[in-house]
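With UniProt numbering, you'll find the sequence shown wraps up at 292, consecutive numbering, no jumps.
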Amino acid sequence: MKKFTLQNEHLSISVLEKGAELCSIKNLKTEKEHIWQADPEIWSSHAPNLFPIIGVLKDGQYFYEGEAYYMPKHGMVRHNENIRLKEKTEDKLAFELIYSEESLKSYPFKFNFQIIYKLKGKKLQIAQKITNLDSKTIFFSLGGHPAFNAPINNDEKYEDYYLEFDQNMNLETHILNNEGLVSQKTQRILQNEKKIELHEHLFDDDALIFKNITSKAVALKSQLSGTILTIEYSDFKNLGVWAKPGAPYVCIEPWLGIADVEGTDQNLETKEGILQLEAGKEFKAAYTINIE
(Lines of atoms letter the chains of each structure in order from A; the text may use other names.)
(Lines give C-alpha, C1' and ligand atoms only; values in the text may rest on other atoms or scores of the structure.)
Protein backbone atom coordinates (compact mmCIF):
# COMPACT_ATOMS: atom_id res chain seq x y z
CA MET A 1 0.00 0.00 0.00
CA LYS A 2 1.41 3.37 -1.03
CA LYS A 3 2.55 5.60 1.81
CA PHE A 4 4.48 8.82 2.27
CA THR A 5 6.85 9.81 5.06
CA LEU A 6 8.06 13.03 6.69
CA GLN A 7 10.91 13.28 9.16
CA ASN A 8 12.71 15.87 11.27
CA GLU A 9 15.17 15.52 14.15
CA HIS A 10 12.38 14.53 16.59
CA LEU A 11 9.70 12.57 14.73
CA SER A 12 9.00 10.45 11.70
CA ILE A 13 5.41 10.24 10.41
CA SER A 14 3.87 8.10 7.67
CA VAL A 15 0.54 8.51 5.88
CA LEU A 16 -1.17 5.97 3.63
CA GLU A 17 -2.45 7.36 0.35
CA LYS A 18 -5.58 5.22 0.77
CA GLY A 19 -7.88 7.30 2.95
CA ALA A 20 -4.98 9.74 3.54
CA GLU A 21 -4.69 7.84 6.83
CA LEU A 22 -1.95 8.57 9.34
CA CYS A 23 -0.32 5.21 10.05
CA SER A 24 2.80 6.07 12.04
CA ILE A 25 4.25 8.61 14.45
CA LYS A 26 7.66 7.48 15.65
CA ASN A 27 9.61 9.27 18.34
CA LEU A 28 13.16 9.08 16.98
CA LYS A 29 14.72 9.64 20.40
CA THR A 30 12.86 6.78 22.14
CA GLU A 31 12.24 4.72 18.97
CA LYS A 32 8.65 4.25 20.15
CA GLU A 33 5.69 3.97 17.73
CA HIS A 34 2.70 6.00 18.94
CA ILE A 35 0.05 5.02 16.37
CA TRP A 36 -1.86 1.74 16.68
CA GLN A 37 -0.64 -0.64 13.98
CA ALA A 38 -4.07 -1.83 12.80
CA ASP A 39 -4.00 -5.45 13.95
CA PRO A 40 -6.87 -6.92 11.86
CA GLU A 41 -7.70 -9.36 14.67
CA ILE A 42 -8.63 -6.39 16.89
CA TRP A 43 -9.24 -3.19 14.86
CA SER A 44 -7.87 -2.81 11.36
CA SER A 45 -7.51 0.98 11.22
CA HIS A 46 -4.89 3.48 12.40
CA ALA A 47 -6.49 6.93 12.26
CA PRO A 48 -9.42 7.27 9.85
CA ASN A 49 -10.50 10.68 8.56
CA LEU A 50 -14.22 11.32 9.03
CA PHE A 51 -16.21 13.15 6.31
CA PRO A 52 -19.02 13.98 5.55
CA ILE A 53 -20.56 12.10 8.50
CA ILE A 54 -19.37 10.89 11.89
CA GLY A 55 -20.46 7.54 13.29
CA VAL A 56 -23.50 5.78 11.89
CA LEU A 57 -26.66 6.91 10.15
CA LYS A 58 -30.01 5.47 11.18
CA ASP A 59 -30.64 2.53 8.81
CA GLY A 60 -27.41 3.57 7.05
CA GLN A 61 -29.18 6.33 5.15
CA TYR A 62 -30.16 9.99 5.18
CA PHE A 63 -32.57 12.11 3.16
CA TYR A 64 -31.83 15.25 1.18
CA GLU A 65 -34.50 17.03 -0.86
CA GLY A 66 -36.72 13.97 -0.57
CA GLU A 67 -34.15 11.50 -1.92
CA ALA A 68 -32.57 8.69 0.14
CA TYR A 69 -28.78 8.35 0.14
CA TYR A 70 -26.71 5.55 1.70
CA MET A 71 -23.36 6.06 3.37
CA PRO A 72 -21.13 3.79 5.49
CA LYS A 73 -20.09 4.54 9.06
CA HIS A 74 -17.81 7.60 9.30
CA GLY A 75 -18.38 8.59 5.67
CA MET A 76 -16.53 8.33 2.38
CA VAL A 77 -12.94 9.37 3.07
CA ARG A 78 -12.10 6.36 5.24
CA HIS A 79 -10.52 3.60 3.06
CA ASN A 80 -11.06 5.74 -0.07
CA GLU A 81 -8.69 4.79 -2.89
CA ASN A 82 -9.38 7.91 -4.97
CA ILE A 83 -7.49 10.25 -2.63
CA ARG A 84 -4.25 11.55 -4.11
CA LEU A 85 -1.16 13.24 -2.76
CA LYS A 86 -1.41 16.85 -3.94
CA GLU A 87 1.78 18.29 -2.49
CA LYS A 88 4.84 17.11 -0.58
CA THR A 89 7.42 19.44 0.95
CA GLU A 90 10.10 19.02 3.60
CA ASP A 91 7.56 19.36 6.41
CA LYS A 92 4.15 18.87 4.77
CA LEU A 93 1.97 16.24 3.07
CA ALA A 94 -1.26 17.46 1.46
CA PHE A 95 -3.89 15.02 0.16
CA GLU A 96 -7.01 15.74 -1.86
CA LEU A 97 -10.33 14.10 -2.70
CA ILE A 98 -12.56 15.77 -5.28
CA TYR A 99 -16.18 14.82 -5.88
CA SER A 100 -16.92 12.41 -8.73
CA GLU A 101 -19.93 10.96 -10.51
CA GLU A 102 -19.57 8.03 -8.10
CA SER A 103 -19.46 10.18 -4.95
CA LEU A 104 -22.54 12.13 -6.06
CA LYS A 105 -24.58 8.91 -5.78
CA SER A 106 -24.07 8.82 -1.99
CA TYR A 107 -23.38 12.52 -1.31
CA PRO A 108 -25.10 14.88 -3.77
CA PHE A 109 -22.68 17.80 -3.39
CA LYS A 110 -19.65 19.00 -5.36
CA PHE A 111 -16.73 19.39 -2.96
CA ASN A 112 -12.98 19.39 -2.58
CA PHE A 113 -11.71 17.68 0.61
CA GLN A 114 -8.10 18.28 1.61
CA ILE A 115 -6.12 17.02 4.56
CA ILE A 116 -2.72 18.50 5.33
CA TYR A 117 -0.17 16.93 7.70
CA LYS A 118 2.43 19.43 8.88
CA LEU A 119 5.40 18.47 11.02
CA LYS A 120 7.02 21.09 13.24
CA GLY A 121 9.38 20.09 16.03
CA LYS A 122 7.59 17.53 18.19
CA LYS A 123 4.16 18.57 16.89
CA LEU A 124 2.07 17.19 14.06
CA GLN A 125 -0.76 19.43 12.88
CA ILE A 126 -3.61 17.74 11.00
CA ALA A 127 -5.67 20.30 9.09
CA GLN A 128 -8.82 19.51 7.12
CA LYS A 129 -10.14 21.90 4.48
CA ILE A 130 -13.50 21.66 2.71
CA THR A 131 -14.20 23.76 -0.37
CA ASN A 132 -17.75 24.00 -1.71
CA LEU A 133 -17.52 23.62 -5.50
CA ASP A 134 -21.30 23.50 -5.84
CA SER A 135 -23.87 26.19 -6.64
CA LYS A 136 -25.80 25.33 -3.45
CA THR A 137 -25.05 25.08 0.28
CA ILE A 138 -23.41 21.82 1.28
CA PHE A 139 -23.97 19.98 4.58
CA PHE A 140 -21.25 17.96 6.30
CA SER A 141 -19.51 16.80 9.46
CA LEU A 142 -15.78 16.45 9.96
CA GLY A 143 -13.45 14.73 12.38
CA GLY A 144 -10.43 12.63 13.25
CA HIS A 145 -10.11 9.15 14.78
CA PRO A 146 -6.42 8.61 15.69
CA ALA A 147 -5.61 5.53 17.77
CA PHE A 148 -2.62 5.73 20.13
CA ASN A 149 -0.69 2.80 21.55
CA ALA A 150 -1.21 2.33 25.29
CA PRO A 151 0.85 1.06 26.92
CA ILE A 152 3.87 2.22 24.94
CA ASN A 153 6.54 0.78 27.25
CA ASN A 154 7.07 -2.94 27.86
CA ASP A 155 6.98 -2.67 31.65
CA GLU A 156 3.58 -0.91 31.71
CA LYS A 157 -0.03 -2.03 31.49
CA TYR A 158 -3.21 -0.35 30.19
CA GLU A 159 -4.38 0.46 33.72
CA ASP A 160 -1.26 2.60 34.27
CA TYR A 161 -2.62 5.06 31.70
CA TYR A 162 -5.11 7.89 31.98
CA LEU A 163 -6.40 10.89 30.05
CA GLU A 164 -5.98 14.31 31.65
CA PHE A 165 -7.89 17.33 30.35
CA ASP A 166 -6.65 20.91 30.59
CA GLN A 167 -9.34 21.82 33.16
CA ASN A 168 -11.70 20.33 35.72
CA MET A 169 -15.14 19.59 34.26
CA ASN A 170 -18.49 18.01 34.90
CA LEU A 171 -18.54 15.58 32.00
CA GLU A 172 -21.31 13.26 30.83
CA THR A 173 -21.11 10.73 28.04
CA HIS A 174 -24.08 10.25 25.72
CA ILE A 175 -24.71 6.53 25.55
CA LEU A 176 -24.98 4.75 22.19
CA ASN A 177 -27.71 2.17 21.63
CA ASN A 178 -27.18 -1.25 20.02
CA GLU A 179 -27.37 0.30 16.53
CA GLY A 180 -24.69 2.89 17.34
CA LEU A 181 -27.23 5.74 17.55
CA VAL A 182 -26.93 8.40 20.26
CA SER A 183 -29.59 7.79 22.92
CA GLN A 184 -31.01 10.25 25.42
CA LYS A 185 -29.31 8.33 28.24
CA THR A 186 -26.21 9.88 29.77
CA GLN A 187 -23.67 8.72 32.31
CA ARG A 188 -21.54 10.95 34.53
CA ILE A 189 -17.84 10.42 33.82
CA LEU A 190 -16.26 13.37 35.65
CA GLN A 191 -17.52 15.48 38.57
CA ASN A 192 -15.38 18.63 38.80
CA GLU A 193 -12.40 16.46 37.77
CA LYS A 194 -10.08 16.19 34.78
CA LYS A 195 -8.75 12.60 34.78
CA ILE A 196 -10.25 9.53 33.09
CA GLU A 197 -8.46 6.34 34.14
CA LEU A 198 -8.10 3.78 31.35
CA HIS A 199 -9.21 0.22 32.13
CA GLU A 200 -10.43 -2.79 30.16
CA HIS A 201 -14.14 -2.13 30.86
CA LEU A 202 -14.15 1.62 30.10
CA PHE A 203 -15.58 1.04 26.62
CA ASP A 204 -17.92 -1.87 27.35
CA ASP A 205 -20.83 0.34 26.20
CA ASP A 206 -18.92 1.62 23.12
CA ALA A 207 -17.40 5.10 22.78
CA LEU A 208 -17.50 7.91 25.30
CA ILE A 209 -19.16 10.86 23.55
CA PHE A 210 -18.68 14.34 24.95
CA LYS A 211 -20.81 17.07 23.35
CA ASN A 212 -19.80 20.73 23.55
CA ILE A 213 -16.74 19.90 25.64
CA THR A 214 -15.20 22.98 27.29
CA SER A 215 -11.72 21.47 27.46
CA LYS A 216 -9.69 21.96 24.28
CA ALA A 217 -6.65 19.81 25.13
CA VAL A 218 -6.18 16.35 26.57
CA ALA A 219 -2.99 14.48 27.45
CA LEU A 220 -2.39 10.74 27.40
CA LYS A 221 -0.34 10.02 30.51
CA SER A 222 1.25 7.10 32.29
CA GLN A 223 1.52 6.90 36.06
CA LEU A 224 4.98 5.38 35.54
CA SER A 225 6.45 7.41 32.67
CA GLY A 226 4.54 10.72 32.69
CA THR A 227 3.05 12.53 29.71
CA ILE A 228 3.14 10.53 26.48
CA LEU A 229 1.39 12.98 24.14
CA THR A 230 -1.14 15.82 24.09
CA ILE A 231 -3.91 16.57 21.59
CA GLU A 232 -5.13 20.14 21.14
CA TYR A 233 -8.49 20.51 19.37
CA SER A 234 -9.75 24.09 19.80
CA ASP A 235 -11.52 23.99 16.39
CA PHE A 236 -13.73 21.06 17.46
CA LYS A 237 -16.91 21.12 19.58
CA ASN A 238 -17.20 17.43 20.42
CA LEU A 239 -14.80 14.69 21.48
CA GLY A 240 -15.04 10.92 21.19
CA VAL A 241 -12.88 8.50 23.19
CA TRP A 242 -12.89 4.82 22.26
CA ALA A 243 -11.10 1.51 22.02
CA LYS A 244 -12.12 -2.08 21.48
CA PRO A 245 -12.57 -3.34 25.08
CA GLY A 246 -9.32 -4.86 26.29
CA ALA A 247 -7.28 -3.62 23.29
CA PRO A 248 -3.91 -1.86 23.90
CA TYR A 249 -4.75 1.54 22.40
CA VAL A 250 -7.05 4.52 22.88
CA CYS A 251 -8.68 6.67 20.19
CA ILE A 252 -8.95 10.40 20.94
CA GLU A 253 -11.35 11.81 18.35
CA PRO A 254 -12.00 15.52 17.74
CA TRP A 255 -15.38 15.89 16.03
CA LEU A 256 -17.49 18.54 14.34
CA GLY A 257 -20.68 16.53 14.25
CA ILE A 258 -22.04 13.38 15.84
CA ALA A 259 -23.67 10.04 14.97
CA ASP A 260 -27.41 10.09 14.31
CA VAL A 261 -29.57 10.43 17.41
CA GLU A 262 -32.24 7.80 18.09
CA GLY A 263 -35.11 10.16 17.29
CA THR A 264 -33.66 11.51 14.04
CA ASP A 265 -35.95 12.28 11.10
CA GLN A 266 -32.88 11.40 8.94
CA ASN A 267 -32.99 14.76 7.16
CA LEU A 268 -29.38 15.81 6.44
CA GLU A 269 -30.17 19.53 6.71
CA THR A 270 -31.45 19.20 10.30
CA LYS A 271 -29.05 16.47 11.49
CA GLU A 272 -27.58 17.25 14.91
CA GLY A 273 -24.15 18.89 14.67
CA ILE A 274 -24.25 19.27 10.87
CA LEU A 275 -22.20 22.11 9.36
CA GLN A 276 -23.28 24.28 6.44
CA LEU A 277 -21.01 25.82 3.83
CA GLU A 278 -22.23 28.25 1.19
CA ALA A 279 -21.37 27.95 -2.50
CA GLY A 280 -17.77 28.89 -3.27
CA LYS A 281 -16.71 29.08 0.40
CA GLU A 282 -13.98 27.21 2.32
CA PHE A 283 -14.04 25.70 5.80
CA LYS A 284 -10.94 24.75 7.81
CA ALA A 285 -10.41 22.92 11.10
CA ALA A 286 -7.20 21.55 12.59
CA TYR A 287 -5.98 19.60 15.58
CA THR A 288 -2.45 19.03 16.84
CA ILE A 289 -0.67 16.00 18.28
CA ASN A 290 2.28 16.96 20.48
CA ILE A 291 4.66 14.09 21.32
CA GLU A 292 6.49 14.56 24.63
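Don't be surprised by glycine CBs; every beta carbon is placed ideally from N, CA and C. On a predicted model such as this, the values are computed, not experimentally measured, just so you know.
CB of residue i within 7 Å of CB of residue j, strictly
i, j, result
"residue 295", "residue 54", "Limits of the chain in this structure are 1 at one end and 292 at the other, which puts residue 295 out of reach."
"residue 3", "residue 14", "yes"
"residue 164", "residue 188", "no"
"residue 115", "residue 128", "yes"
"residue 119", "residue 8", "yes"
"residue 34", "residue 148", "yes"
"residue 285", "residue 205", "no"
Residue i burial status per 10 Å Cβ neighbour count (16 or more: buried)
i, result
"residue 192", "exposed"
"residue 100", "exposed"
"residue 245", "exposed"
"residue 70", "exposed"
"residue 201", "exposed"
"residue 227", "exposed"
Length of the line joining the Cα atoms of residue i and residue j
i, j, result
"residue 25", "residue 272", "33 Å"
"residue 268", "residue 44", "29 Å"
"residue 185", "residue 19", "33 Å"
"residue 52", "residue 239", "16 Å"
"residue 62", "residue 270", "11 Å"
"residue 156", "residue 166", "24 Å"
Bridge-paired residues (DSSP) for residue i
i, result
"residue 171", "190"
"residue 148", "35 and 250"
"residue 232", "217 and 288"
"residue 84", "96"
"residue 113", "97 and 130"
"residue 305", "Absent from the model: residue 305. The displayed extent of the chain is 1 to 292, so no value can be given."
Spatial neighbours of residue i in its chain, beta-carbon cut-off 8 Å, leaving aside the 5 residues before and after
i, result
"residue 134", "109, 110, 111 and 279"
"residue 67", "108"
Cβ neighbours of residue i in the same chain (closer than 7 Å, five flanking residues each side left out)
i, result
"residue 98", "112"
Contacts around residue i, its chain only, beta-carbon distance under 6 Å, and the 5 residues preceding and following it disregarded
i, result
"residue 60", "70"
"residue 288", "123, 125 and 232"
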